[in-house]
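S.K.: First residue of the sequence shown? That's 201 in the working numbering, and the numbers climb one at a time after it.
C-beta: ideal position from N, C-alpha, C; glycine also.
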Amino acid sequence: MGRNYDKTLEISALYEISKLLGSSLNLKSNLRGVMRVLSEYLDMKRGTVALRTDNEVSIIAAHGMSEEEIKRGRYKLGEGIIGRVAKLGSPIVIPNIGEEPLFLNKTGARTTIKKENIAFLCVPIKFKNETLGVLSVDRLFGSKTISFEEDLRMLKIIASLIAQSAKLHQEVEKEREAFIEEKENLKRQLKGRYSVENMIGQSDSMQEVFEAVHRVAPSKANVLLRGESGTGKELIAKAIHYMSPVSKGPFIKFNCASIPEGLLESELFGHEKGSFTGAMAARKGRFELADKGTIFLDEIGDLPLSLQPKILRVLQEKEFERVGGEKTIKVDVRLIAATSRNLEDLVSKGKFREDLYYRLNVVPVFLPSLREKKEDIAQLAEYFLKKYNKENNKSVTIKPDVLDVFMDYEWQGNVRELENTIERLVVMSAGKVITKADLPLNIKDQSIKSKYGIQAKDALTSTIEDIEKARILDALTNTNWNQAKAAKALGITPRQIGYKMKKYKIQQTA
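#1: For Y609, name the three-state secondary structure that DSSP assigns.
#2: In the DSSP assignment, what residue or residues form a beta bridge with K453?
#3: Assuming K433 is part of the alpha helix (DSSP H), what are its boundary residues?
#4: Does R426 pass the burial test, meaning 16 or more other C-beta atoms within 10 Å, or should it be called exposed?
#5: Going straight from the alpha carbon of E220 to that of L332, what length do you get?
#6: Using only CA atoms, which one of R339, R353, A286 and E350 lies nearest to P324?
#7: Closest to E582 by CA distance: which of L556, F320, L625 and A481 is it?
#8: In terms of DSSP beta bridges, what is Q251 paired with?
#9: What does the Cβ neighbour count give for E381, buried or exposed, with the cut at 16 atoms within 10 Å?
#10: Note down, in chain order, each residue of its chain lying with its Cβ closer than 7 Å to the Cβ of S218, except the 5 sequence neighbours on either side.
#11: Please classify Y558 as buried or exposed, where buried requires at least 16 neighbouring CB atoms within 10 angstroms.
#12: Buried or exposed: where does T661 fall if 16 or more other Cβ atoms within 10 Å of its Cβ makes it buried?
#13: Buried or exposed for T677, going by 16 or more other Cβ atoms inside 10 Å?
#14: Using 7 Å as the cut-off, classify the Cβ of I500 as near or not near the heavy atoms of the ligand PLP, replying yes or no.
#15: If you draw a straight line from the alpha carbon of L386 to that of V396, how long is it in whole angstroms?
#16: Would you check if the region 548-562 and the region 587-603 touch, i.e. whether three or more CB-CB distances between them fall below 8 Å?
#17: What residues are listed by DSSP as bridge partners for I358?
#18: Between I511 and L556, what straight-line distance do the alpha-carbon atoms span, to the nearest angstrom?
#19: Are the Cβ atoms of A538 and A437 separated by less than 8 Å?
#20: Checking 8 Å against the spacing of the C-beta atoms, do G551 and D498 come in under that value?
#21: Please classify L639: is it buried, with 16 or more other beta-carbons within 10 angstroms of its beta-carbon, or exposed?
#22: Provide the residue(s) that pair with K530 in DSSP beta bridges, ordered along the chain.
#23: Check for me: the beta strand (DSSP E) holding P324 runs from which residue to which?
#24: In the DSSP assignment, the alpha helix (DSSP H) including P694 goes from what residue to what residue?
#25: Distance check for I643 and L585, CA to CA, integer angstroms please.
#26: Do K492 and S470 have their beta-carbon atoms positioned less than 8 Å apart in this structure?
#27: Which whole-angstrom value is the C-beta distance of I730 and F487, which I expect to be below 8 Å?
#28: Could you have a look at S212 and say whether DSSP puts it in helix, strand or coil?
#29: For I211, count neighbouring Cβ atoms within 10 angstroms of its own Cβ and tell me buried if that reaches 16, exposed if not.
#30: So, helix, strand or coil for L425, using DSSP?
#31: Under 8 Å, do A490 and P450 count as touching if we go by C-beta distance?
#32: Could you check how far apart the C-beta atoms of V531 and K518 are, in whole angstroms? I think they sit under 8 Å.
#33: In the DSSP assignment, find the unbroken alpha helix (DSSP H) run with Y486 in it and report its ends.
#34: If you compare alpha carbons, which of A439, G430 and I400 is closest to V416?
#35: Pull the bridge partners of Y275 from the DSSP assignment, please.
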């Protein structure tokens, strides 16, 4: 550093250093810039910034040193001048390093200059009372005796600026590491949650599904999940993703039936700014977001014909353009599609491209309806009961005869309908036990029809009188033919139930 300080030059240097330290979150790059400014503005021959980690101080940025020399700059606390400053937290000035035995020259960077011509100034980088590291500079001088007061003052100011930046970097790094750890924990939880080993399904049909998942997951093959609505296609899609080679990548789901046709292309492939009215900024689509991961297209059978060629191109060429864009975007995406529709029928009617169908149908997996795996109903009901008891801070149980009703019910909405039913029963239950009286009317009605000879196949054509008669019979049977209790269960008066018994010619049999 020069002896006759130019205040304008000093202020310019501090301005450049402040600007550099705030330019990015890349601390090493910022500090290399600081060292360069010290050299250009303040006549520094050589300089280093060493930061502390546990019981060691390591040079992370330097000027006038090679990468190999920087790597050698590691000091234990108390070792050499840099190690001592880091340990004590106080500046040290060596007017002539040739006369100082504590000066180690571990980096070997001063072999071409006479040591008696080099002064070494070292100040701590401190944030409040915490020493984060050390800033050191070499200064050349002749044979004159000089004072280093101005040098130290300037270095302390610069060290203070570095300390604030280094502390901010530490905090950001801690948050980043915590975020990464949380993200990894979440992925591990999701991987466990969506593992087929943790899924419910003892029936033969579900075991076949799980076996298919195990076989297809490690590959990159496209998968087509077939089955009625509510059979758990999304759950299986997630299981395949989290068991696949791209499990660390994103899982992006999209329902092709949930978005108006005019917006589908933009949602799937993104758009450029100004590509249509309302496109105020460029936006990535689902395929771009799913790069290096999995995209799950639910209800693929509802995809309009006009968009199917673009989907086919992504599957074949792994590329597309955003709406309103000319740049071709490359993606590496695994596709899992699902549908509750008959794709073969749609193909024959010209509503679904045959070439796209074959591209999607590489590995078909058929999910059974709940009617086809009734042996899983009790276990599923128990799982959902436990789940919603916990969510609602309750301890409700289900009577065995309710499970009998569940076994007889058709479950047109499949597992989703069963889950919704259990949630409703838990939320609305006034007591500790769910009985048949608590069941929704649609489930009661089907149970009653089955019990009293109104077959499910006749359900759509059965009259109101059929259902009413069956309900009265069921209420009387459940109350041991006590008309007052039966009327109360039905929400009518004893007089009304008497009238209806006469109307439907209901009599107690021996």
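M.R.: Taking the structure as given:
#1: coil
#2: F496
#3: K433 to Y442
#4: buried
#5: The sequence given here places Leu at residue 220; Glu does not occur at that position. For L220 and L332, the distance between alpha carbons rounds to 19 Å.
#6: A286
#7: L625
#8: Per the sequence shown, the amino acid found at residue 251 is Leu instead of Gln. The partner list for L251 (beta bridge, DSSP) reads S258 and G333.
#9: Exposed, since its Cβ has fewer than 16 Cβ neighbours within 10 Å.
#10: L361
#11: Per the 10 Å Cβ criterion, exposed.
#12: Here the model assigns T661 a pLDDT of 46, short of 50, so the residue's position is not dependable, and the following value carries that caveat. Exposed, since its Cβ has fewer than 16 Cβ neighbours within 10 Å.
#13: With fewer than 16 other Cβ atoms inside 10 Å of its own Cβ, T677 counts as exposed.
#14: The ligand content of the structure shown is nil, which means the ligand PLP is not present either.
#15: 17 Å
#16: No: fewer than three Cβ pairs fall under 8 Å.
#17: In the DSSP output, where bridge partners are listed per residue, I358 has none listed.
#18: About 8 Å.
#19: Result yes, Cβ atoms of A538 and A437 sit closer than 8 Å.
#20: Reading the sequence as shown, one finds Lys at residue 551 and not Gly. Using a Cβ distance threshold of 8 Å, K551 and D498 do not count as a contacting pair.
#21: buried
#22: Note: K530 sits in a beta bridge opposite E519.
#23: Residue range I318 to F327 is occupied by the beta strand (DSSP E) that includes P324.
#24: P694 to K703
#25: 17 Å
#26: Note that residue 470 corresponds to Gly in the displayed sequence, not to Ser. Not in contact: G470 and K492 (Cβ atoms no closer than 8 Å).
#27: This structure cannot settle anything about residue 730, because the visible part of the chain is limited to 201 through 710.
#28: helix
#29: exposed
#30: strand
#31: yes
#32: 6 Å
#33: Position check: residue 486 holds Arg in this sequence, whereas Tyr was assumed. Counting along the chain, the unbroken alpha helix (DSSP H) around R486 starts and ends at R486 to L489.
#34: The closest CA to that of V416, considering only A439, G430 and I400, is found on A439.
#35: DSSP output for Y275 lists V257 as bridge partner(s).
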